[in-house]
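Peer 1: My questions will all concern the structure given below.
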Amino acid sequence: MTTPLTGGCLCGAIGYAVSAPITALRACHCTHCQKSSGTGSSVNAIMPSAVFQITQGAPKRYADKADSGRILYRYFCGDCGSPLYTHRETAPEILVLRAGSLDDPPGVKITAHIWTASARPWSHIDPACEQHPGQPPAPAASR
Ligand SMILES: [Zn+2]
Ligand SMILES: [Zn+2]
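Residue numbers (the working numbering): 88 to 230.
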């Protein structure tokens, strides 16, 4: 895995680069990720926003309101609909990248599952992974 890593949406209108290696992946089984992905969970790499750069196009943004009232901005391609990344309204310095949008898979496995309480029955959760029924404690978000 050499940096910068590159990725983008399905149609190619949006491209990005990541200037730091990805060391961990986290699967989110919350109901909002299920709706926005159309599948059981999202798999994400969490990184400082400073290492992420859009190199082509401009993603659209959806302001998703959590049950807690917090706003999570979900960025996606307005042409093909691919989800790309999210960040909290109150924490723009932390970016949560949809790992499936990377051109090449980072050489790491999923290390943690969150919001497992709402996981779909068909989702496989490796019992060896860290698991949280809801949102994990704050420090995990900056890992
Ligand atoms: Zn697209
Ligand atoms: Zn989620």
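Ideal Cβ positions, reconstructed from N, Cα and C, are used throughout, including at glycine.
Just how far apart, CA to CA, sit residue 141 and residue 104?
Peer 2: Mapped onto the sequence shown, residue 141 falls at position 54. Mapped onto the sequence shown, residue 104 falls at position 17. Those two C-alpha atoms are separated by around 6 Å.
Peer 1: Identify the residues that DSSP records as bridge partners of residue 151: which are they?
Peer 2: Position 64 of the sequence shown holds residue 151. Bridge pairing for residue 151: 159 [DSSP].
Peer 1: To the nearest angstrom, report how far apart residue 210 and residue 145 are at their CA atoms.
Peer 2: Here residue 210 corresponds to residue number 123 of the sequence shown, with the count starting at 1. Here residue 145 corresponds to residue number 58 of the sequence shown, with the count starting at 1. Spanning the two alpha carbons is a distance of roughly 32 Å.
Peer 1: Taking contact to mean 3 or more Cβ pairs, one atom from each stretch, closer than 8 Å, check whether the stretch 127-143 and the stretch 185-205 are in contact.
Peer 2: yes
Peer 1: Taking its Cβ as the centre, do 16 or more other Cβ atoms sit within 10 Å of residue 206, making it buried, or is it exposed?
Peer 2: By one-based count along the sequence shown, residue 206 stands at place 119. Per the 10 Å Cβ criterion, buried.
Peer 1: Is residue 41 near ligand 2, in the sense that its beta carbon is under 7 Å from a heavy atom of that ligand?
Peer 2: Only positions 88 to 230 of the chain appear in the structure, and residue 41 is not among them; the question remains open.
Peer 1: Collect the residues with a C-beta less than 6 Å away from any heavy atom of ligand 1 and give them in sequence order along the chain.
Peer 2: This selection yields 96, 97, 98, 100, 101, 164, 166, 167, 169.
Peer 1: When the distance is taken between beta carbons, is residue 163 closer than 8 Å to residue 155?
Peer 2: Your numbering for residue 155 matches position 68 in the sequence shown. Your numbering for residue 163 matches position 76 in the sequence shown. No. Outside cutoff.
Peer 1: So does the stretch 167-181 actually touch the stretch 190-207, counting three or more Cβ pairs closer than 8 Å?
Peer 2: Touching, no.
Peer 1: Classify residue 219 as helix, strand or coil using the three-state DSSP reduction.
Peer 2: Taking the first residue of the sequence shown as 1, we reach residue 219 at position 132. Here residue 219 sits in coil by DSSP.
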